[in-house]
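Numbering (the UniProt record's numbering), first residue to last: 1 to 235.
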């Protein structure tokens, strides 16, 4: 993959976007070693921007760095994913309570567009655009709070949104998946339709209920499947 010299962003940003997308799409798998020279050669850039991108991904929690061993793709455990589900859900409910379930026309427009994009995806589509659409949808909820610290706390979790999606995907393809009901693409779209409908009506109680259900069901399912897998391995 060669990058044009007149690219509109820095090489570090190009490397960051490329690696983040590869990780979220599952092209780079958990605990896979990330070699600076190989990545730089793939992108047609020097190692410096790649090193900067890896440092940023380590801050975001998508990459693990160990001295003398280099970088690997981080392994987000099901328990970690559950924590992210729980925290995101509660931050968004706090945001809805703070704004009294009132989101600007511009914010609603962005949510509607993101939802339309979600409807267009198939199960075979790459993970990254799905994550981006989901992030745009939910970001409007926290922005409506007009609480800078709340938004920053939510943004700290945003890079792990892709890992959350991968956790759901992996859970749905677990050998134990048929023991627990799992959300289909249609279920996930419907959940976002219900959230948007409640917000459009400014129904705070319903919006919080649907939002809580959306995060809790996914988080608990991933966590329960992890316990089944651990029990099977111990057995």
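Yeah, the Cβ is synthetic: ideal placement off N, Cα and C, and Gly gets one too.
Report yes if the CB atom of residue i is closer than 8 Å to the CB atom of residue j, and no otherwise.
{"i": "residue 142", "j": "residue 92", "result": "yes"}
{"i": "residue 108", "j": "residue 57", "result": "no"}
{"i": "residue 23", "j": "residue 87", "result": "no"}
{"i": "residue 127", "j": "residue 218", "result": "no"}
{"i": "residue 10", "j": "residue 67", "result": "no"}
{"i": "residue 240", "j": "residue 96", "result": "Outside the shown range of the chain, which is 1 to 235, sits residue 240, and nothing can be said about it."}
{"i": "residue 215", "j": "residue 89", "result": "yes"}
Can you name, in chain order, every residue of its own chain whose Cβ lies under 8 Å from the Cβ of residue i, other than the five neighbours on each side?
{"i": "residue 118", "result": "130, 133, 134, 137, 188, 189, 192"}
In its own chain, which residues sit with a C-beta less than 7 Å from the C-beta of residue i, not counting the 5 before and 5 after it?
{"i": "residue 47", "result": "36, 37, 40"}
{"i": "residue 202", "result": "101, 102"}
{"i": "residue 160", "result": "61, 76, 84"}
{"i": "residue 115", "result": "137, 192, 193, 196"}
{"i": "residue 140", "result": "103, 107, 110, 111"}
{"i": "residue 158", "result": "135"}
{"i": "residue 113", "result": "none"}
Bridge partners for residue i per DSSP, in chain order?
{"i": "residue 66", "result": "70"}
{"i": "residue 33", "result": "72"}
Quick one: residues in its chain with C-beta nearer than 6 Å to the C-beta of residue i, no 5 flanking neighbours on either side, listed in chain order?
{"i": "residue 30", "result": "73, 75"}
{"i": "residue 64", "result": "72, 74"}
Roughly how many angstroms lie between the CA atoms of residue i and residue j, to the nearest whole one?
{"i": "residue 196", "j": "residue 13", "result": "32 Å"}
{"i": "residue 213", "j": "residue 42", "result": "42 Å"}
{"i": "residue 153", "j": "residue 59", "result": "14 Å"}
{"i": "residue 94", "j": "residue 150", "result": "9 Å"}
{"i": "residue 104", "j": "residue 156", "result": "23 Å"}
{"i": "residue 17", "j": "residue 209", "result": "34 Å"}
{"i": "residue 106", "j": "residue 54", "result": "34 Å"}
{"i": "residue 33", "j": "residue 120", "result": "34 Å"}
{"i": "residue 78", "j": "residue 204", "result": "30 Å"}
{"i": "residue 21", "j": "residue 125", "result": "13 Å"}
{"i": "residue 239", "j": "residue 199", "result": "Nothing about residue 239 can be read from this structure; the chain reaches only from 1 to 235."}
{"i": "residue 27", "j": "residue 82", "result": "23 Å"}
{"i": "residue 52", "j": "residue 80", "result": "25 Å"}
{"i": "residue 253", "j": "residue 211", "result": "Residue 253 lies beyond the residue range present for the chain, which begins at 1 and ends at 235; the question has no answer from this structure."}
Could you check whether the Cβ of residue i sits closer than 7 Å to any heavy atom belonging to the ligand COA?
{"i": "residue 192", "result": "Ligands in the displayed structure: none, and consequently the ligand COA is not present."}
Quick one: any contact between the segment 144–153 and the segment 72–86, if contact means 3 or more CB pairs under 8 Å? With a cut-off of 8 Å, the segment 72–86 and the segment 144–153 do not count as touching, because too few Cβ pairs lie within range.
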